[in-house]
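> Attaching a single structure in structure tokens format; questions to follow.
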Ligand code: NIG
Ligand code: FE
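Residue numbers (the working numbering): 474 to 879.
The following block contains the structure:
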């Protein structure tokens, strides 16, 4: 006898995201058992006698994998609205950073915040992401920049995952900016990151990956390499903020370390793209930062297509370059600003985003045996998810087979 199904979804039109075209199935059912997808198929194949604990009739609503936001800095304190005003008056992001503002100003506020306050401020952003369909989110540290404060941020990120129906993957981004106490001593700071912060975060099980900001206002290639070597010694995969403002050839370095992803990539060249293709490194595109910084240098979408580099799309939720918690809006921007197709944008927040987090085997598609992270939408066609500007068509969201009030 087959086991009793925990939850049966009836009359769903599924976009499994297992195929690149994002086709829609005819009316189907999805059976969930133990938090996993235990069965799916056309409604006509549904056994009417199958024992079921609970069922939901979706009335033909569109079902997709739960959305995955694979690049956020959502754990931070305060905001940088004043810098927004300065930039609108003509100051550049780099000028503000070099004048001691930028990332370092959020570091000051984040260091001052006690964990409970940091948790409360970050939980608001997490809940907003979830309300737009996010079931898995990556959260980076990077506003602590000391052993104590980086661990504080990673602990808050883990705690957020325990207290919300969402899967959190943490990334250590201690090499995000130079903390003021190391002014003029970037190599010393990187040595501290490589010798102390990376090993300790790994030892405590607080980081699932390691990231760095390879940029003229961040760290150079040699420094990034040191951080990656430390990650490798600690057994952690790497990701990289690469070629956002200039071409530092970080994408090639990241690919050489088998990076899960290289992110931003506005200035990556063909050699970088080819290195990513060889390594299977995902291109994580962040149209929110592109838009908010009024960037004009579009990432080379055609090169990613031509070389078969999977493209993910994420919010980059952070106070300086992308203060947003709306992943479907990022899908819209990926299409309007980068000319990605709506199907590419959907794969970018599902299957390819899962891969950017090393979760391709368990998340990102609606397939047998995958985790039952699912979204039901009040739309007819999948392209509508990217088409509407800032809409919120989420109807229901399941995390590990469980639904929660929105
Ligand atoms: O991904 N580029 C570096 N890090 C963030 C911005 C951080 C900030 O400005 O606070 C980004 O855009
Ligand atoms: Fe970022």
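For glycine and all other residues, C-beta sits at the position ideal for the given N, C-alpha and C.
Bear in mind the structure is a predicted one, so any value in this text is a computation, not a measurement.
So residue 577 is in the alpha helix (DSSP H); what residue range does that whole segment cover?
576-585
> Does the distance from the CB of residue 783 to the CB of residue 828 come in under 8 Å?
For residue 783 and residue 828, yes; Cβs fall inside 8 Å.
> Any heavy atom of the ligand NIG closer than 7 Å to the CB of residue 795?
yes
> Using a Cβ-Cβ cutoff of less than 8 Å, which residues in the same chain neighbour residue 625 once the five nearest sequence positions on both sides are dropped?
588, 591, 617
> According to DSSP, is residue 506 helix, strand or coil?
strand
> Around the C-beta of residue 798, are 16 or more other C-beta atoms found within 10 angstroms, so that it is buried, or is it exposed?
buried
> Can you tell me the Cβ-Cβ gap for residue 809 and residue 491, rounded? I've got them flagged as a contact below 8 Å.
So it is not a contact: roughly 26 Å between Cβ atoms.
> Can you give me the C-alpha to C-alpha distance between residue 724 and residue 734, rounded to a whole angstrom?
9 Å
> Give, in chain order, every unbroken run of the beta strand (DSSP E) that is at least 3 residues long and sits entirely within the stretch 482-506.
Listed in chain order, they are 501-506.
> Can you tell which of 578, 487, 702 has its C-alpha closest to the C-alpha of residue 652?
578
> Could you tell me the distance, in whole angstroms, from the CA atom of residue 629 to the CA atom of residue 583?
12 Å
> Flag this pair as yes or no: are the beta carbons of residue 609 and residue 790 separated by less than 8 Å?
Their beta carbons are not under 8 Å apart, which means residue 609 does not touch residue 790 by this criterion.
> Just how far apart, CA to CA, sit residue 876 and residue 603?
12 Å
> So is the beta-carbon of residue 789 under 7 Å away from any non-hydrogen atom of the ligand FE?
At least one heavy atom of the ligand FE is nearer than 7 Å to the Cβ of residue 789, so yes.
> Could you say which of 714, 685, 553, 556 lies nearest to residue 703 if we only look at CA atoms?
685
> At the level of alpha carbons, what is the spacing between residue 854 and residue 650?
Taking C-alpha positions only, residue 854 is separated from residue 650 by approximately 42 Å.
> By Cβ distance below 7 Å, which residues in the same chain neighbour residue 531 in space, the five residues on each side in sequence not counted?
482, 483, 484, 485, 849
> Determine the extent of the beta strand (DSSP E) in which residue 642 is found, giving its start and end residues.
640-648
> Please report the distance separating the alpha-carbon of residue 518 from that of residue 706.
So the alpha carbons of these two residues sit roughly 50 Å apart.
> When the cut-off is 8 Å and only beta carbons count, does residue 626 lie next to chain B?
Note that chain B does not occur in the displayed structure, where there is just one protein chain.
> Just checking my contact of residue 819 with residue 804 at CB under 8 Å: how many whole Å lie between their CB atoms?
7 Å
> In terms of alpha-carbon separation, which member of 565, 497, 690 lies closest to residue 656?
690
> Let me confirm a value: residue 614 is counted as buried when at least 16 other C-beta atoms fall within 10 Å, else exposed. Which label applies?
By the 16-neighbour rule on beta-carbons within 10 angstroms, residue 614 is buried.
> Does the Cβ of residue 558 have 16 or more other Cβ atoms within 10 Å, making it buried, or fewer, making it exposed?
Within 10 angstroms of the beta-carbon of residue 558 lie fewer than 16 other beta-carbons, which makes it exposed.
> Can you tell which of 566, 792, 864 has the C-alpha that lies nearest to the C-alpha of residue 580?
792
> Quick one: which unbroken beta strand (DSSP E) runs of 3-plus residues sit fully inside the stretch 668-718? Chain order, please.
682-685, 712-715
> With DSSP as the reference, please indicate the residues paired to residue 872 in a beta bridge.
875
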